Amino acid sequence: MKKTHIFIMAIIAVAIAIITSTAGDASVYVSFKEARERASEGNLTKVHVVGRLPRDGAKNIMGLEYNPTVDPNYFAFTLVDTNRIAQRVVYFNPKPQDFDKSEQVVITGAMRNNTFVADKILLKCPSKYVEKDIEGATASVN
Amino acid sequence: MLNTLIGDAGHLSVIVAFVAATVAAYAYFKAGRDRALGDTDAGWLRLGRGAFLVHSLAVVSVIVCLFAIIHGHRYEYYYAWSHSSNHLPVYYMISCFWEGQEGSFLLWIFWHVCIGLILMRYARRWEAPVMAIFAGVQLFLTSMILGVVLGDLKIGSSPFILLRDFMPDLPVWKTNPNFVPKDGTGLNALLQNYWMVIHPPTLFLGFALTLAPFAYAVAGLWKGEYTKWVRPAMRWTLWGGMVLGVGIVMGAYWAYETLNFGGYWNWDPVENAVYIPWLVLVASLHGLVLWQRSRTALRTSFVLVIATFLLILYATFLTRSGVLGNASVHSFTDLGLSGQLIIYLAAFVVLSIVLLVWRWKNIPISEKELTTYNPELWVFVGATVLCLGAFQVLFTTSIPVYNAFLGFIGIKSNLALPADQIAHYTKFQLWMGVGVAFFSGLAQVMWWQKNDKSSLTNTLTVPAILSLLGAALVILLVQYYGHKMDLVYIVLLTTALFGVLANVSMVFTLMRRKVSLSGGGIAHIGIALMLLGVLASAGYSNIISQNVSGLLYSREFDQTTNQDNVLLWRNDPAPMGKYDVRYTGQFWDVPGVPGYVDKQLLYRTADEYKTLARADIKRGDKVYYKAGDTVEISPENTFYRVEYKDRKTGEAFTLYPRAQVNEEMGGLLASPDIQKFADHDIYSHISAVPPVDKEKDWSEVKEHVLSVGDTIFLNDYFAVFRAVEPAHQTAGLGLQKGDLAIQGDFLVYGEKKQYHIHPMFVVRNRLIGRVPDEIEDLGLRLSFLNVDTQKGKFTFGVSTTQKDYIILKAVEKPFINLLWSGTLLMAVGFGMAIYKRRRETDAAVETAPATGTTVRPVQQSRQVA
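So the protein sequences, as listed, match chains B and P. All residue numbers for the first sequence refer to UniProt numbering, where the first residue is 1 and numbers rise by one. All residue numbers for the second sequence refer to UniProt numbering, where the first residue is 1 and numbers rise by one.
Shown next, in the form of structure tokens:
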């Protein structure tokens, strides 16, 4: 066997190791139902959950809890996933400032005692590029 | 006034640029077709040159038109309206230019034009095939900004689209089709940073530079000239490696300075998309070097040079097609160009693979087997390590693409990026760092000498022993300071030290021979230093803003959770790490005045950019504004003054982390401020402030009836009512003759200093107006409620609010300067290598025989796909 062959085989071995390890590390998008099932099975790997924030009639988000003067590192909210299951979520960090305006929220983390502990929150905000009112547009009409 | 002329001129220029690029590509193709390299059809060549010149002029014209639209605040155009605003300084208008997708494509096109013109002038016999490829790429790129609609097919997105065409549903067009907004929506606040003025052009220049070696490689395959392309491609690759490398680190530095994720690298797909091609580019550079020196690794070089450019295209696809979706914080928005981008990518992938397969057997290879004592072997192994590292990042970053692809063929996939990306990437990239540091040291030492067992042992012993000793010393120090050191960290530390020392020893030897030879060595030292900097600053980054109050607030859990942010009440010091930290107020940037100006010194008016000075604004003896002067401010950013004082040494410094209330972006945008020391940085950013969009909650007004000279307690502070006087700051009230404005003058004794507060009482047209005054420091507001002239009594209302606070996160980053200085060394090394090759012209090609016919197996095909 030539050295080149050994070399190639080593490369292939490393590549396979990378692929399998990545497959192991890759997370999944799940619903809260599945996240609870995983937790009850003792599977504590972190998952992604996509959801929306429940709003009352006046478009205010319901169930936000953040009192920085008591604890700046405790933020709790309720998230409703795509299957309309609501779940209390706790985030041990300050409340992201643009949280109130976000339409869609992606969280990563895992269930712990009936609470979803998030370690990352990704916000999908109404994009800068979405159509919106132009300031002065109404004023100039009359 | 609606001006459609300039947009039409711009759009026309885009079309001309597109057509000219097509003509140039075809003409250059015909000029070189079926002929040997250097033998060209003069007629077609002339046409190609002419067309490319027309293309270049048209591109310049597009840029001029677009910039004129932005600079002239022509908000009838969507691009100006959505990326710029009236108050934007000129240098940020330049960044507006490439904030949008179209502008950044334009930037890329522009650099291709520049490089294309250089090649047209100097490429000589390579001109026709190389320029055919350049013009072909330009054809695709200009099509992205073409903005032409053929039936249902939309080709490209034009930057010259009018607002009314972009948003045709707005009701205003019905009443006034010529409506022009008064102001634009402004540049993304995070991009208002000087790095954003120079980082994108640098990065796109790097992108553009990878096209040149690619074009040479493809031209070589096409013309059957398998070896002579290496020399010119080499120089372009060196330029590309330097510019792209510096560009990436610039981006990292911008993120460090501007974004608040707490570091310089976040493994965001957008960052990875540039990192991957750079790694492959550096690997290809080593392949080219191997061929130049030892007539080996030519096939590898072909594959890697081509892969670099294809990966750049793939990066473009990733960041601009919208495929990343949720996975990235800062990819461009989808402009509906995905189809075009896929065609662009596919066209060049197919072209390259077909050419490679067609010519593969003809590419010369070396038949000699490399032995352990050949430096070539170790360079090759090092390049392989780089490619594997690139492959790993590529494989993970592409996860959203797998989802999109599976969704496209009808399989639902819920695969997500790893939950802890940093841990995931670090796991592999750390070992890549080990490999790079080790092999760069080893190969560099072997490269310049004859190797056998004894000579190799001789030269390697000293650096090896020194790095082991150095590593041992560092490990002891790290443990002395109470940190742990994992085995991988120890390995990386040792190999990186070896990388530095082995390269340093070689550079010293080479300096005696010829300075310009040491470029490679210096670049390698730079890389090894960067690795050490990353190891220290990322591996031992230390959050000093831990909650130290002793209270644990968590309700649901007993375990300690991360408490990485502290609450700082205004003017109340709090202990943090070895510092006492105090938040002392909000400041504005006033153009022309050094440093920042306390908001309490400025009185806001109806125009948010204009304020009145309440007192003299001075720095030292120099008075910049007198009390009562109108002061123009930049109201977007609030700077929060945070004072640090070392408890032991008494050493103090002040940071001004900033935050911007931005409705557009939906909240507060915070940027850190960094105190730099030689051996570490203190990095602080605001994580939250009291809700800014709401009115403050004031307590119920408590009335006090006072005579001049009385003393009262206001919210625990002692205050003296000193006088009633004519009001000073009446501008903005619109007073006329006969109106009356008076103010009370109070002196309040705060914890640290005294404050003047001047509530106003105004009688205008027999109507009474009251202008309250506020001391933000104390959370105190006074209004002048009534005057009883008979008794000489005055009524004041006092209300209080919660004191101002910030929530701060502060991180210590040890030895981060190694990263930045390593980058500079790397760039210097690249520069020296370019300088060394400055006179190696095409004509000087050696006639070394391309030996051997044995077909060596495909070694590098793994990362092409």
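The beta carbon of each residue, even a glycine, is placed where N, CA and C say it ideally should be. Small disclaimer: the values here were computed from a predicted structure and weren't measured.
Sequence-distant residues of its chain with Cβ nearer than 6 Å to residue i (five each side left out)
| i | result |
| --- | --- |
| P/A652 | K645 |
| P/P232 | Y216 |
| P/A523 | M826, G829, F830 |
| P/V113 | S56, V59 |
| B/M9 | none |
| B/K120 | T108 |
| P/L394 | I276 |
| P/G470 | L497 |
| P/V491 | V434 |
| P/G48 | A24, A27, Y28, A31 |
| P/A472 | none |
| B/L122 | V106 |
Residue(s) in a DSSP beta bridge with residue i
| i | result |
| --- | --- |
| P/Y603 | P/L612 |
| B/R52 | B/V80, B/Q104 |
| B/D119 | Note: B/D119 sits in no beta bridge, so no partner. |
| P/I686 | P/L808 |
| P/A659 | P/T638, P/A670 |
| P/V197 | Answer by DSSP bridge pairing: none, since P/V197 is not bridged. |
| P/A80 | Answer is none; P/A80 lacks a bridge partner. |
| P/K676 | P/D681 |
| P/Q754 | P/Y749 |
CB contact flag (residue i, residue j, <9 Å)
| i | j | result |
| --- | --- | --- |
| P/N55 | P/A20 | Reading off the sequence, residue 55 of chain P comes out as His, not Asn. Going by C-beta atoms, P/H55 is nearer than 9 Å to P/A20. |
| P/L146 | P/F52 | no |
| P/S413 | P/Y835 | no |
| P/Q743 | P/F796 | no |
| P/I69 | P/A80 | yes |
| P/L304 | P/G287 | yes |
| P/V462 | P/L501 | yes |
| P/S284 | P/P364 | no |
| B/V105 | B/G51 | yes |
| B/A110 | B/T45 | yes |
Beta carbon proximity, residue i to chain P, threshold 9 Å
| i | result |
| --- | --- |
| B/F7 | yes |
| B/S27 | yes |
| B/A58 | no |
| B/G109 | yes |
CB contact check: residue i to chain B, cutoff 9 Å
| i | result |
| --- | --- |
| P/I807 | yes |
| P/H424 | yes |
| P/L442 | no |
| P/V566 | yes |
| P/A255 | no |
| P/A723 | no |
| P/Q563 | yes |
| P/S687 | yes |
| P/Q802 | yes |
| P/L669 | yes |
| P/L281 | no |
| P/A419 | yes |
Close-in-space but distant-in-sequence residues of the same chain around residue i (CB under 8 Å, 5 per side omitted)
| i | result |
| --- | --- |
| P/A678 | N817 |
| P/T823 | G245, V246, V249, G526, M530 |
| P/G539 | Y489 |
| P/E99 | H83, L187, N188, L191 |
| P/F713 | A719 |
Residue i Cβ short of 8 Å to the ligand PLP heavy atom set
| i | result |
| --- | --- |
| P/A472 | Of ligands this structure carries none, so the ligand PLP is not represented either. |
Nonlocal neighbours in the same chain, by C-beta distance under 7 Å from residue i, ignoring five residues either side
| i | result |
| --- | --- |
| P/L669 | A189, L190, A659, Q660, N662 |
Between the region 349–373 of chain P and chain B, which residues of the former have a C-beta closer than 8 Å to a C-beta of the latter? Along the region 349–373 of chain P, the positions whose C-beta sits under 8 Å from a C-beta of chain B are E369, L370, read in chain order.
Relative to chain B, which residues along the region 383–415 of chain P have a C-beta separation below 8 Å, given in chain order? Residues T384, L388, F391, Q392, F395, T396, I399, N414, L415.
To be precise: take each residue of the region 69–90 of chain B, compare its Cβ to all Cβ atoms of chain P, and keep it if any distance is under 8 Å. Which residues remain? Those would be T69, V70, D71, P72, N73, Y74, V90, in chain order.
When you check each C-beta in the region 811–840 of chain P against every C-beta of chain B, which residues fall closer than 9 Å? Residues passing the 9 Å Cβ filter: none.
Quick one, which residues of the region 8–21 of chain B are near chain P if we go by CB-CB under 8 Å, in chain order? Only those residues of the region 8–21 of chain B whose C-beta falls short of 8 Å from the nearest C-beta of chain P are listed: I8, I11, I12, V14, A15, I18, I19, S21.
Using a Cβ-Cβ cutoff of 9 Å, what residues of the region 25–54 of chain B are near chain P? List them in chain order. Within the region 25–54 of chain B, the residues whose Cβ lies closer than 9 Å to any Cβ of chain P are, in chain order, D25, A26, S27, V28, Y29, V30, T45, K46, V47, H48, V50.
Would you list, in chain order, the members of the region 91–123 of chain P that have their beta-carbon closer than 7 Å to a beta-carbon of chain B? Correct list: empty, as no residue qualifies.
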